[in-house]
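Colleague: For the record, in the sequence shown the residue sitting at position 30 is 33 according to the numbering used here, with numbers rising by one throughout.
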Amino acid sequence: MSGTMDGTGQRRRRRGDTRQRIQDVALELFAEQGYEKTSLREIAERLDVTKAALYYHFKTKEEILVGIFEDLTRPIGDLIAWGREQPHSLETKQEIVRRYAEVLADAAPLFRFMQENQATLRELRIGEMFKHRMLGLRDILIDPEADLVAQVRCVSALFTLHAGMFVLQDLEDDPAKRRAAVLEVATDLVAQAHRGAVPGA
Numbered sequence: 004m005s006g007t008m009d010g011t012g013q014r015r016r017r018r019g020d021t022r023q024r025i026q027d028v029a030l031e032l033f034a035e036q037g038y039e040k041t042s043l044r045e046i047a048e049r050l051d052v053t054k055a056a057l058y059y060h061f062k063t064k065e066e067i068l069v070g071i072f073e074d075l076t077r078p079i080g081d082l083i084a085w086g087r088e089q090p091h092s093l094e095t096k097q098e099i100v101r102r103y104a105e106v107l108a109d110a111a112p113l114f115r116f117m118q119e120n121q122a123t124l125r126e127l128r129i130g131e132m133f134k135h136r137m138l139g140l141r142d143i144l145i146d147p148e149a150d151l152v153a154q155v156r157c158v159s160a161l162f163t164l165h166a167g168m169f170v171l172q173d174l175e176d177d178p179a180k181r182r183a184a185v186l187e188v189a190t191d192l193v194a195q196a197h198r199g200a201v202p203g204a
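1. Pick out whichever of D191, A166, D74 has its Cα sitting closest to the Cα of R181.
2. On the criterion of 16 or more Cβ atoms from any shown chain inside 10 Å, does Q118 qualify as buried, or is it exposed?
3. Mind the definition here: the region 58 to 78 touches the region 124 to 133 only if three or more C-beta pairs lie below 8 Å; say whether that holds.
4. Between the C-alpha atoms of A56 and A84, what's the straight-line distance to the nearest angstrom?
5. Just to confirm my understanding: we take F33, look at its own chain, exclude 5 residues before and 5 after, and list those with CB closer than 6 Å. What are they?
6. Taking Cβ to Cβ, would you say L30 is nearer than 9 Å to P112?
7. By Cβ distance below 6 Å, which residues in the same chain neighbour L186 in space, the five residues on each side in sequence not counted?
8. How close, in whole Å, do the beta carbons of E65 and L127 come, if the pair is a contact with beta carbons under 8 Å?
9. Whose CA, out of V152, Q121, D27, lies closest to the CA of G199?
10. Does DSSP put Y59 in a helix, a strand or coil?
11. What did DSSP end up calling K96 once you bin it into helix, strand or coil?
12. How about A184 and C157: are their beta carbons less than 9 Å apart?
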């Protein structure tokens, strides 16, 4: 059993750790001074590696950002795939909202960066990638036959979760309480929308 920790397995894990460290440090720098003002050289310096070592993993800043985005938002893709297989019930919709809230909490540094660098994102492909993911979630949550108010409520549930991360931070110091309140409002919006879409629900 100990043999699995040696040789290629250990090297592969170390390489994975380096890639992860590059992404973590790059995201720190992007958040501190902005994407545009951060250079690959600064990322290498903070990591205490050569620029050549950095190039081994990533050739450009955008590659690093896309890697961060893909890793941290993979659960959104998994959630969309799961949601498409489920019955279009209120329970499914509320579970999607609950799981999406967890994804946002786990990827908070990325979403903070995205919030603060919206102009940059419009120029980069992750802006389009994120929009595509949001539309995927929207299409699972809404009932196409529902009236427009119900559809807006469903979409608003997603943006309520986003607001909880950024806009509402100063309303409550305890992040757990804030998350619980935001989740309650988001799931309530989905329930109201569902009642409007399914007569007698």
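Glycine included, every Cβ here is placed at the ideal spot set by N, Cα and C.
Modeller: The relevant details are as follows:
1. In the sequence shown, counting from the first residue as 1, residue 181 sits at position 178. For the residues D191, A166, D74, the minimum Cα distance to R181 belongs to A166.
2. The sequence position of residue 118 within the sequence shown is 115, counting from 1. Counting of Cβ neighbours within 10 angstroms places Q118 among the exposed residues, the total staying below 16.
3. These segments touch.
4. Sequence index remark: in the sequence shown, residue 56 carries index 53 (1-based). Sequence index remark: in the sequence shown, residue 84 carries index 81 (1-based). Computed Cα separation, rounded: 36 Å.
5. Start at 1 with the first residue of the sequence shown, and residue 33 comes out as number 30. So the qualifying residues of the chain are T41, F116.
6. As a first step, residue 30 is located in the sequence shown; it is residue number 27 there, counting from the start. As a first step, residue 112 is located in the sequence shown; it is residue number 109 there, counting from the start. Their beta carbons are under 9 Å apart, which means L30 touches P112 by this criterion.
7. If you number the sequence shown from 1, residue 186 lands on position 183. So the qualifying residues of the chain are A104.
8. Numbered from 1 along the sequence shown, position 62 holds the residue referred to as residue 65. Numbered from 1 along the sequence shown, position 124 holds the residue referred to as residue 127. Contact check for E65 and L127: beta-carbon distance about 6 Å, within the 8 Å limit, so the pair qualifies.
9. Within the sequence shown, residue 199 is the residue found at index 196, counting from 1. For G199, the nearest C-alpha among the options comes from V152.
10. On the sequence shown, position 56 is the one that residue 59 refers to. Under the three-state reduction of DSSP, Y59 is assigned to helix.
11. To locate residue 96, count along the sequence shown from 1; it is residue 93. Three-state DSSP puts K96 in a helix.
12. On the sequence shown, residue 184 is found 181 positions in, with the first residue counted as 1. On the sequence shown, residue 157 is found 154 positions in, with the first residue counted as 1. Contact: no.
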